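Residue numbers (our numbering): 152 to 561.
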């Protein structure tokens, strides 16, 4: 061993018989070394201390460098566009179509259902299927006039969300698949008017609600059946209307399969009976058997609850049947059915039959208007709609509520 310098540890020449090494130490701390093979090793090089021109240095041993975009781990150069099942490792992956010049960035990463947003000069984002759940409720039926009138049936109830049932004991329906750029028409049905007085007149059925588009099978919910005036039958509808209150005469209206239940009627034999309740989404209207001055009108059938908007709301209850003042009109079914009153707007509730205290000229209750609700993944939501309420965000989904007719463009 030999050393050079005023401090014998500053520059050390070391030979061990097989190799030689020059070590540079400053104040006893090694800063660099040069082996006999010419390899230079430095523990610390302060770039601010390097001055003058550096000689040409080969980069052959440098790692982590690439000479092309295709060599980057988060970039793909291809002769084609990405597809929804092109699975990048993370959002931000950059895709270049070297044939068309279009460029895409992965903005949502879900296995086999990715979203590639076009950032080139053209159009056409690459997105997967837009699955849309729905709740479609038609307008409720109007009740028959005066205190014999049957309650109006609730509007038809169709639901695809989260395995929740549809009306009339129907199972949950299959969600829709919307296509990007396609406009879908939303129709919200009005409630039927009540039967006019004086006179014992039928109400009017509610109108249908629907989702329609060029590439889907339309989803149509049937308007609620009207309540019959004394002594008339209730009408068939999404849920059926209650029969007018002539004992044994006014038949109940039937409900529509997978949408709602039948209305009630008066099954007595003494005449001048109380009106039957209108059918609801989850049960039939109540059947009465007594006279309109001796028995309360039939209760409307209850509706169904859904959490499609993020909280549980009950809709599509049937209207109560009419009766005399001493006994009163039947209760409206849970979910907007009227009791001696109109059905609740945007629930599809049936209009209520009247009680005698409403006056001999009392017109039957009006059915409640319907509603259409769409729920979809926020990553697929376009933001393009007309006449919907302010969108609701629930977790990873966006919900649109249509209380009147409008459109949605996917």
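No residue lacks a Cβ here, since even glycine has one placed at the ideal position from N, Cα and C. All figures in this text were calculated on a predicted structure; none of them were measured in a lab.
> With DSSP run on the structure shown, which of helix, strand or coil describes residue 265?
Replying inline: Residue 265: coil per DSSP, three-state reduction.
>> Going by DSSP in three states, residue 281 sits in which element: helix, strand or coil?
In response: In the structure shown, residue 281 sits in a strand (DSSP, three-state: E or B).
>> Let's see if you can read the secondary structure: which residues bound the beta strand (DSSP E) around residue 340?
In response: Looking at the DSSP string, residue 340 is not in any beta strand (DSSP E), and its letter there is neither H nor E.
> Touching or not, the stretch 415 to 432 and the stretch 386 to 404, by the rule of three or more beta carbon pairs under 8 angstroms?
Replying inline: Three or more Cβ pairs drawn from the stretch 415 to 432 and the stretch 386 to 404 lie within less than 8 angstroms of each other, which places the two stretches in contact.
> Just to confirm, are residue 374 and residue 290 a CB contact at a threshold of 7 angstroms?
Replying inline: A contact, by the Cβ cut-off of 7 angstroms.
> By the 10 Å Cβ neighbour count, where 16 or more other Cβ atoms means buried, how is residue 498 classified, buried or exposed?
Replying inline: Under the 10 Å beta carbon count, residue 498 is surrounded by 16 or more other beta carbons and is classified as buried.
> Under the DSSP definition of a beta bridge, which residues are partnered with residue 442?
Replying inline: Looking at the DSSP output, residue 442 shares a beta bridge with 424.
> residue 467 to residue 459, Cα distance in whole Å?
Replying inline: When rounded, the distance between both Cα atoms is 15 angstroms.
> Is there contact here, the stretch 310 to 326 with the stretch 480 to 488, by at least three beta-carbon pairs under 8 angstroms?
Replying inline: In the pairwise beta carbon analysis, the stretch 310 to 326 is classified as not touching the stretch 480 to 488: fewer than three pairs are separated by under 8 angstroms.
> Would you report the Cα separation of residue 214 and residue 223, rounded to the nearest angstrom?
Replying inline: Between residue 214 and residue 223, the C-alpha separation is close to 13 angstroms.
> In terms of alpha-carbon separation, which member of 531, 543, 320 and 440 lies closest to residue 282?
Replying inline: With respect to the C-alpha of residue 282, the residue from 531, 543, 320 and 440 having the closest C-alpha is 531.
>> For residue 407 and residue 246, what's the separation of their Cα atoms in angstroms?
In response: Their Cα atoms are separated by approximately 52 angstroms.
> With a CB to CB cut of under 7 angstroms and the five nearest residues on each side skipped, what residues in its chain are close to residue 158?
Replying inline: Low confidence applies here, because residue 158 scores a pLDDT of 49, under 50, leaving its location unreliable; read the following figure in that light. Within the same chain, residue 158 has no close Cβ partners at all.
>> If distances are taken between C-alpha atoms only, which option among 277, 250, 518 and 263 comes closest to residue 256?
In response: Among 277, 250, 518 and 263, the Cα nearest to that of residue 256 belongs to 277.
> Are residue 383 and residue 396 touching if we call contact CB-CB under 7 angstroms?
Replying inline: Result no, Cβ atoms of residue 383 and residue 396 do not sit closer than 7 angstroms.
> Just reading off the beta strand (DSSP E) that residue 544 is part of, what are its end residues?
Replying inline: Here the beta strand (DSSP E) through residue 544 covers 543 to 545.
>> Rounding to the nearest angstrom, what Cα-Cα distance links residue 515 and residue 487 in this structure?
In response: Their Cα atoms are separated by approximately 16 angstroms.
> Apart from the five residues just before and just after residue 452, which ones in its own chain have a Cβ nearer than 6 angstroms to its Cβ?
Replying inline: The residues are 412, 430, 431, 434, 435, 436, 469 and 484.
>> Buried or exposed, going by whether 16 or more other CB atoms sit within 10 Å of the CB of residue 370?
In response: Around the beta-carbon of residue 370, 16 or more other beta-carbon atoms lie within 10 Å, marking it buried.
> In whole angstroms, what separates the C-alpha of residue 258 from that of residue 549?
Replying inline: Distance between the alpha carbons of residue 258 and residue 549 is about 17 angstroms.
> By a C-beta neighbour count over all protein chains shown, 10 Å radius and 16 as the cutoff for buried, is residue 350 buried or exposed?
Replying inline: Classification of residue 350: exposed, given that the 10 Å Cβ count is below 16.
> Quick one, which of 287, 337, 268 and 306 has its alpha-carbon nearest residue 343's?
Replying inline: The shortest Cα separation from residue 343 among 287, 337, 268 and 306 belongs to 306.
> Taking Cβ positions, are residue 475 and residue 444 nearer each other than 7 angstroms?
Replying inline: Cβ atoms of residue 475 and residue 444: closer than 7 angstroms.
> Which of the three DSSP states, helix, strand or coil, is assigned to residue 313?
Replying inline: Here residue 313 sits in helix by DSSP.
> In chain order, what residues of the same chain lie with their CB nearer than 8 angstroms to the CB of residue 328, ignoring the 5 residues before and after it?
Replying inline: Within the same chain, residue 328 has close Cβ partners 280, 281, 282, 283 and 367.
>> Quick check on DSSP: helix, strand or coil for residue 529?
In response: Helix at residue 529.
> Going by Cα to Cα distance, which pick from 492, 520 and 352 is closest to residue 360?
Replying inline: Nearest neighbour of residue 360 by Cα position, chosen from 492, 520 and 352, turns out to be 520.
>> Less than 7 angstroms between the beta carbons of residue 98 and residue 353, yes or no?
In response: Because residue 98 is not part of the residues shown, which for the chain are 152 to 561, the question remains open.
> Are residue 523 and residue 337 close, meaning C-beta to C-beta below 7 angstroms?
Replying inline: Their beta carbons are under 7 angstroms apart, which means residue 523 touches residue 337 by this criterion.
> When the Cα of residue 502 is compared with those of 315, 332, 356 and 322, which residue comes out closest?
Replying inline: Each of 315, 332, 356 and 322 was checked against the Cα of residue 502, and the nearest Cα belongs to 356.
> At which residues does the beta strand (DSSP E) containing residue 257 begin and terminate?
Replying inline: 254 to 259 is the extent of the beta strand (DSSP E) around residue 257.
> Quick one: what does DSSP say residue 222 is sitting in, helix, strand or coil?
Replying inline: Reduced to three states, the DSSP call for residue 222 is helix.
> Within 10 angstroms of its Cβ, does residue 332 collect 16 or more other Cβ (buried), or is it exposed?
Replying inline: Exposed.
> CB-CB under 6 angstroms to residue 334, same chain, minus the five flanking residues each way: which ones, in chain order?
Replying inline: Taken in chain order, the residues that qualify are 558 and 560.
>> Output needed for residue 325: all residues of its chain with C-beta closer than 8 angstroms, excluding positions within five of it in sequence on either side, in chain order.
In response: Here the set comprises 311.
>> Whole angstroms are fine: how far does the CA of residue 538 sit from the CA of residue 318?
In response: Spanning the alpha carbons of residue 318 and residue 538 requires a straight line of approximately 26 angstroms.
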